[in-house]
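A.B. asks:
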Amino acid sequence: MGNIILIGFMGCGKTSVGIKLSYRMRQPMLDTDKLIEKDEGRTISEIFEKDGEPYFRNLETECIKKLTTTVNNQIISVGGGLPVREENHALLKKLGCVVYLRAKAETIYERVKHDTTRPLLQGADPQQKIRDLMEKRAGIYERAADVIIDVDGKDFDTVLDEIVMKCGEERSGD
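So in my numbering, spot 145 of the sequence shown is number 238, and the numbers just go up one at a time.
1. Buried or exposed for G145, please, with buried defined as at least 16 other CB atoms from any protein chain shown within 10 angstroms of its CB.
2. Below 7 angstroms CB to CB, which residues in the same chain sit around G189 once its five sequence neighbours on both sides are set aside?
3. Given F249, which residues of its chain have a CB within under 6 angstroms of its CB, disregarding the five upstream and five downstream residues?
4. Rounded to whole angstroms, what's the CA-CA distance from Q215 to R178? Just pull it up for me.
5. Between the Cα of K127 and the Cα atoms of T162, E255, D208, V171, which residue gives the shortest distance?
6. Looking only at C-alpha atoms, which of F149, A231, D239 sits nearest to L184?
7. Could you give the distance in angstroms between the alpha-carbon of V192 and the alpha-carbon of I169?
8. With DSSP collapsed to three states, give me the class of D243.
9. Do R195 and G101 have their beta-carbon atoms positioned less than 8 angstroms apart in this structure?
10. With G111 as the anchor, note down where its alpha helix (DSSP H) starts and where it stops.
11. Is A196 close to chain B, meaning its C-beta is less than 8 angstroms from at least one C-beta of that chain?
12. Count Cβ pairs between the segment 151-163 and the segment 198-209 that sit closer than 8 angstroms; are there 3 or more?
13. If you run the structure through DSSP and keep just helix, strand and coil, what is V171?
14. Identify, in the order they occur along the chain, each residue of the same chain with its Cβ nearer than 6 angstroms to the Cβ of D243, setting aside the five sequence neighbours on each side.
15. Under 8 angstroms Cβ to Cβ from L152, same chain only, skipping five residues before and after it: list those, please.
16. Should Q221 be labelled buried (16 or more other beta-carbon atoms within 10 Å of its own) or exposed?
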């Protein structure tokens, strides 16, 4: 389908990389969290608070199902928890080249420690929560991905070059 889908833990750079990749490739960018917020008329935090995580995860699955039939040649950033559902792996791969932006827990914490909009980080010891969640999700992200890019210590251009090169290989079947 020509799409590049960015997955990974919160704060790994999916949105920032997605925006820069969108400019470089001259392709539109979609963010599934933003699409869900628009459709629901409320923020992710409000959805979590009022209806809970399972409801939100259902919205994510429905969102990517719809995208598999409606988008082409786009950059798509998905929420950090979307790949946790096994059924979403096949949908992501149907959608395009799935890129896991992998970062260390320390990097993630530094990037998100002041962000109050992330429902899963509210409460005591967010640093430990990040480590625990990342440990649970690492294998899931790896299984869902076509390409894994380690982002720690790399500038945007290096990350973008790797994505373009590796997704180009995926598209050509090499």
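Note that beta-carbon positions come from the ideal geometry of N, C-alpha and C, so glycine has one too.
C.D. replies: By the coordinates alone:
1. On the sequence shown, position 52 is the one that residue 145 refers to. Taking every protein chain shown into account, the CB of G145 has fewer than 16 other CB atoms within 10 angstroms, so this residue is exposed.
2. Numbered from its first residue, the sequence shown carries residue 189 at position 96. Only M94, G95, N96, I97, I98 meet the Cβ criterion.
3. For this step, residue 249 is matched to residue 156 along the sequence shown. Closer than 6 angstroms at Cβ, skipping near neighbours: K113.
4. Counted from its first residue, the sequence shown places residue 215 at position 122. Counted from its first residue, the sequence shown places residue 178 at position 85. Cα-Cα distance, rounded: 22 angstroms.
5. The residue labelled residue 127 in the question sits at position 34 within the sequence shown. Of the residues T162, E255, D208, V171, the one whose Cα lies closest to the Cα of K127 is V171.
6. Mapped onto the sequence shown, residue 184 falls at position 91. Residue D239 holds the alpha-carbon nearest to the alpha-carbon of L184 among F149, A231, D239.
7. Position 99 of the sequence shown, counting from 1, holds the residue named residue 192. Position 76 of the sequence shown, counting from 1, holds the residue named residue 169. Straight-line Cα distance between these residues: approximately 10 angstroms.
8. Translated into positions along the sequence shown, residue 243 becomes position 150. Note: D243 maps to strand in three-state DSSP.
9. Taking the sequence shown and counting its residues from 1, one reaches residue 101 at position 8. Taking the sequence shown and counting its residues from 1, one reaches residue 195 at position 102. If you check the CB distance, G101 and R195 come in under 8 angstroms.
10. Counted from its first residue, the sequence shown places residue 111 at position 18. For G111, the enclosing alpha helix (DSSP H) has its first and last residue at 107-118.
11. This model lacks chain B altogether, as it is built from one protein chain only.
12. The answer is no - the segment 198-209 does not touch the segment 151-163, with fewer than three Cβ pairs under 8 angstroms.
13. Here residue 171 is taken as the residue at index 78 of the sequence shown, counted from 1. Look at V171 here: in three-state DSSP terms it is coil, with no helix or strand label.
14. If you number the sequence shown from 1, residue 243 lands on position 150. Contacts found: R195.
15. For this step, residue 152 is matched to residue 59 along the sequence shown. Within the same chain, I129, D132, E133, I140 come within 8 angstroms of L152 by CB-CB distance, once the 5 residues on both sides are set aside.
16. In the sequence shown, the residue the question calls residue 221 occupies position 128. Around the beta-carbon of Q221, fewer than 16 other beta-carbon atoms lie within 10 Å, marking it exposed.
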